[in-house]
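Participant:
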Amino acid sequence: MATLKVPVTPEDHIQGDPNAQLTLLEYGDYECPHCGRAHPIVKRVQKHFGRRLRFVFRNFPLTQIHPHAQTAAETAEFAGANGRFWEMHDLIFENQDRLGLPLLLALTEELGLDPQALREALTTGEFEPRVRRDFLSGVRSGVNGTPTFFVNERRHDGPWEFEDLVMALEARRALV
Amino acid sequence: MANILERGTTAPDFTLPVTPDQKLSLSELKGQPVILAFYPADWSPVCGDQMSLYNEVLQEFQKYGARLLGISVDGPWCHAAFAKDRHLHFPLLADFHPKGQVAQRYGAYREGEGVSDRALFVIDGKGVISWSYCSPIGVNPGADGILEALEELAPQKETSHR
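Protein sequences appear in the order of chains F and P.
In case it helps, the numbering used here puts the first sequence at residues 44 to 219.
In case it helps, the numbering used here puts the second sequence at residues 3 to 164.
(1) What does serine 54/P touch in chain F if you count any residue whose Cβ is under 9 Å from its own?
(2) Quick one: give me the first and last residue of the alpha helix (DSSP H) that cysteine 136/P is part of.
(3) With a threshold of 7 Å between beta carbons, is aspartate 146/P in contact with chain F?
(4) Anyone know if the C-beta pair for glutamine 107/F and asparagine 57/P falls short of 7 Å?
(5) Under the three-state reduction of DSSP, which class applies to lysine 25/P: helix, strand or coil?
(6) Helix, strand or coil for glutamate 74/F per DSSP?
(7) For the alpha helix (DSSP H) containing arginine 215/F, name the first residue and the last one.
(8) Can you pull the chain P neighbours of arginine 183/F, defined as C-beta to C-beta under 8 Å?
(9) How is the beta strand (DSSP E) around asparagine 57/P delimited, first residue to last?
(10) Taking the straight line between their C-alpha atoms, what separation do you get for arginine 95/F and valine 49/F?
(11) With distances taken between CB atoms, is the gap from phenylalanine 92/P to leucine 70/P smaller than 7 Å?
(12) According to DSSP, is histidine 111/F part of a helix, a strand, or is it coil?
(13) Using the Cβ count rule (16 or more neighbours within 10 Å means buried), how would you classify arginine 101/F?
(14) Can you find a C-beta in chain F that's less than 7 Å from the C-beta of glutamate 58/P?
(15) Only counting the same chain, and skipping five residues up and downstream in sequence, which positions put a Cβ closer than 7 Å to that of phenylalanine 121/F?
(16) Strictly below 7 Å CB to CB, what residues from chain F border proline 93/P?
(17) With distance defined between alpha-carbon atoms, name the residue in Asp15/P, Pro138/P, Gly147/P, Phe123/P nearest to proline 30/P.
(18) So, for valine 141/P: in the same chain, excluding its five sequence neighbours on each side, which residues have a beta-carbon less than 8 Å away from its beta-carbon?
(19) Following the continuous alpha helix (DSSP H) through isoleucine 135/F, name the residue where it begins and the one where it ends.
(20) Could you tell me how far apart the beta carbons of leucine 155/P and aspartate 126/P are, in whole angstroms, since I believe they sit closer than 8 Å?
(21) With distances taken between CB atoms, is the gap from glutamate 196/F to leucine 47/F smaller than 7 Å?
(22) Helix, strand or coil for glutamine 64/F? Go by DSSP, reduced to three states.
(23) Go through its chain and collect everything with a Cβ distance to isoleucine 57/F's Cβ below 8 Å, but skip five positions before and after it.
(24) Check the Cβ-Cβ distances between alanine 211/F and every residue of chain P, and say whether any is below 7 Å.
(25) Against chain C, does arginine 88/P count as a neighbour if the rule is that its beta carbon must be under 7 Å from one of theirs?
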C-alpha cells in the first residue's frame with residue numbers, strides 16, 4: 044500500500060480547517076479529463092464532511108501528453124502567490140474545455156490579477172520549481188496517473204466516485 | 003502472475019529492434035544502470051499511462067545515469083507511432099519476432115494473452131538484476147520503486163568510478 048512520502052505542510056494548498064481530522068489529498072493535472080470529472084465530486088465530498096475534512100491539491104502535470112497542463116499549473120501557483128489559488132483552481136477546471144493561454148490570461152483578469160505579471164512569471168518559469176516539486180513528491184509516493192487521491196496519507200486505489208471517497212474517508216475516521 | 007527473474011540474477015542479454023531499421027543490445031549499455039520496463043501493449047487507454055509517466059520522470063532516472071527501455075510485443079512501426087503520439091523520449095523495444103521471446107527469458111510473458119506482464123527490472127552496471135517487480139496487469143506500478151532501486155545502486159556506482 045503506497046503512502047504519502049512528503050507530508051502536508053503549510054506550504055501546501057489546503058482548503059478547509061488545517062487541523063481537520065481527515066485529509067483528502069489529490070495529485071491532479073488541469074488538462075486531464077478525469078481530473079475535470081473529479082472536480083465536482085471532490086466538492087461534494089467536502090460539503091459532506093464539512094469542517095471535519097481538509098482538502099489538499101498538488102500538481103501532477105503530464106506535460107508531454109497535455110500541452111497546457113504545465114502552464115495551467117503555473118497559473119494556479121501564480122494566483123496562489125497572490126492569495127487566489129482556489130478561485131483559479133476552480134475556474135480552470137470549470138473551463139477545462141477551453142484550456143490555453145488566452146483562457147488563463149482572461150481568468151487572471153477576471154480575478155483582478157495582472158495578466159502581464161502572469162506572462163512574465165510564465166516566461167521566467169517562476170513557479171516551475173514549485174510545480175516540479177509537487178510532481179516529484181507524487182512520483183515518490185507512488186502516484187501512477189491522475190487523479191490520484193490520498194486519504195490521510197494512504198493512497199486510495201480503485202474508483203473515486205462520491206460514494207467511494209466518502210466510504211474511504213469514513214473508514215479512516217473510524218480509526219482516528 | 004508470472005515468476006519473474008529476481009535480484010542477483012544476471013540479466014539475460016538480448017538484441018531487439020529499437021526502430022524499424024536499428025537494433026539495440028542490452029550488453030551495449032554495460033557500465034550504467036538500465037531500467038527495463040515490460041508492459042502489455044502500446045496505446046493503453048489509461049490517461050497518464052505507465053510510459054507517459056516514465057517519460058515525465060526521465061530526468062530523475064538520468065540523474066542516476068540510468069537508461070530506460072520500454073519493451074512490449076508490439077512491432078517497431080507500432081512503437082514508432084505510439085512514441086510519436088505520446089512524445090516519448092526513450093526507446094521502445096519490439097519483442098515482436100519471435101514473439102515475446104525476451105519477456106519469456108525474464109519470466110514476464112503471459113502465455114494466455116500473448117503479451118508481457120507489467121514487470122520492472124533495474125539492472126546494475128555489471129549486468130546483474132538489482133531489483134525486480136511485477137505489478138498486477140491492470141495496475142500501473144508507478145516510478146517510486148524504480149527510483150528507490152536506483153538510489154540503492156548510486157553509492158556503489160560512485161565508488162566504482164574512483
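Ideal Cβ positions, reconstructed from N, Cα and C, are used throughout, including at glycine.
Note that the structure is a prediction, hence the values are computed from the model and not measured.
Facilitator: In short, the structure shows the following:
(1) Leu105, Gln107, Ile108, Gly188
(2) Note, cysteine 136/P: premise wrong, no alpha helix (DSSP H); beta strand (DSSP E) at 131-137.
(3) yes
(4) yes
(5) strand
(6) coil
(7) 205-218
(8) Asp146, Leu149
(9) Not the beta strand (DSSP E): asparagine 57/P falls in the alpha helix (DSSP H), residues 52-65.
(10) 22 Å
(11) yes
(12) coil
(13) buried
(14) yes
(15) Leu161, Ala164, Phe170
(16) None at all; the shortest Cβ gap to chain F is about 15 Å.
(17) According to the sequence as given, residue 30/P is glutamate; it is not proline. Considering only alpha carbons, the answer is Asp15/P.
(18) Arg120
(19) 128-137
(20) 6 Å
(21) yes
(22) coil
(23) Val51, Arg97, Phe98, Val99
(24) no
(25) Checking the listed chains, one finds no chain C in this structure; the protein chains it contains are F and P.
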